[in-house]
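What follows is a short report on a single structure.
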Ligand SMILES: Cc1cc2nc3c(=O)[nH]c(=O)nc-3n(C[C@H](O)[C@H](O)[C@H](O)COP(=O)(O)O)c2cc1C
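Numbering (this note's numbering), first residue to last: 2 to 313.
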């Protein structure tokens, strides 16, 4: 690494580029299926039809892909976070945990993706700690399923984001978990002494004082609120909560009602809303382990769209 380049910062800069998520598949000479999760996929040329993907030289399947005459690109749908996790792992039985069939070129084609491209290996290009696999498309198909996205180390579910925004006009409260230097901003209710997160009637803008951004501005906070973290219902479905996570850029101003809590000093006994407490506990765990997922459900039951072991 060139001395002037900080690899962690470079990783963060590269992670700002929103990509899809693919699973690249092939077969060993004896027919054993192999595959890995990749977001370095890019289209290259329409005529001839060429695509590329970069494989790390430390991947177990690296020699297999370098020797393969064919490979396939499976572009995952937004409900295939688990599949991404399976193929990002080093488990030997990845293909026992996915539904797939064999494509025309012999490579495994994963079922229920948003698109797939069956390719012949066209070229291999050396590129630092990766090799660029260039494939020539021999067969492909696509569906209407929403694609899975990936950005800044988290999965992005576009359909879910749209649903959350669509719901914002109804009985919806929008809140944020705002972090600075490993501490979470919480607001103290002066009467009860309990703690909550900043919330508003919509995401809105800093000029709209009822919106989340407006409330955050009133606290003297500038924040970059970028990712959806949880969506759940309370009050027998009468209220929908949409929580984002974000980073504090400046602030907050001095205010006895505003407190910043480190992960190990959270006032759990004073967070009396059980759904809020569950969500915050999950945040602290996932933040500590540097993995994020999106929670969808009600305040008792729900499903966490978990992030897999991260490449980044
Ligand atoms: C979202 C995501 C994107 C990834 N992108 C790539 C990639 O483009 N190239 C790569 O070599 N590995 C990538 N990885 C990491 C591989 O999936 C991971 O190293 C995997 O264990 C390789 O499998 P193997 O060792 O069985 O070959 C990515 C992982 C994730 C979760």
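The beta-carbon is built from N, C-alpha and C at its ideal position, and this holds for glycine as well.
With distances taken Cα to Cα, identify the nearest neighbour of residue i among the options.
i           : options             : result
residue 44  : 99, 59, 117 and 92  : 117
residue 28  : 263, 13, 5 and 107  : 107
residue 68  : 38, 75, 121 and 147 : 121
residue 119 : 79, 131, 150 and 72 : 72
residue 258 : 89, 287 and 189     : 189
residue 129 : 58, 85, 98 and 146  : 58
residue 51  : 78, 137 and 124     : 137
residue 56  : 148, 89 and 47      : 89
residue 62  : 24, 77 and 221      : 24
residue 110 : 16, 145, 239 and 37 : 37
residue 222 : 159, 181 and 135    : 181
residue 252 : 185, 240 and 16     : 185
residue 35  : 102, 227 and 265    : 102
residue 79  : 66, 26, 159 and 131 : 159
If we count the other Cβ atoms within 10 Å of its Cβ and call it buried at 16 or more, is residue i buried or exposed?
i           : result
residue 269 : exposed
residue 327 : Residue 327 cannot be examined here, being either before or after the span of the chain that is shown, 2 to 313.
residue 237 : exposed
residue 11  : exposed
residue 155 : buried
residue 286 : exposed
residue 172 : exposed
residue 196 : buried
residue 53  : buried
Using only the alpha-carbon positions, how far apart do residue i and residue j sit?
i           : j           : result
residue 104 : residue 91  : 24 Å
residue 64  : residue 248 : 41 Å
residue 219 : residue 255 : 12 Å
residue 201 : residue 192 : 20 Å
residue 112 : residue 32  : 19 Å
residue 194 : residue 183 : 23 Å
residue 225 : residue 123 : 42 Å
residue 245 : residue 48  : 42 Å
residue 235 : residue 277 : 11 Å
residue 16  : residue 290 : 18 Å
residue 21  : residue 260 : 37 Å
residue 19  : residue 100 : 27 Å
contact_flag[the region 280-288, the region 208-227] where n(CB pairs < 8 Å) is 3 or more: No: the two stretches stay apart, fewer than three of their Cβ pairs being nearer than 8 Å.
Do the region 203-210 and the region 137-150 touch if we need at least three Cβ pairs shorter than 8 Å? Segments in contact, no.
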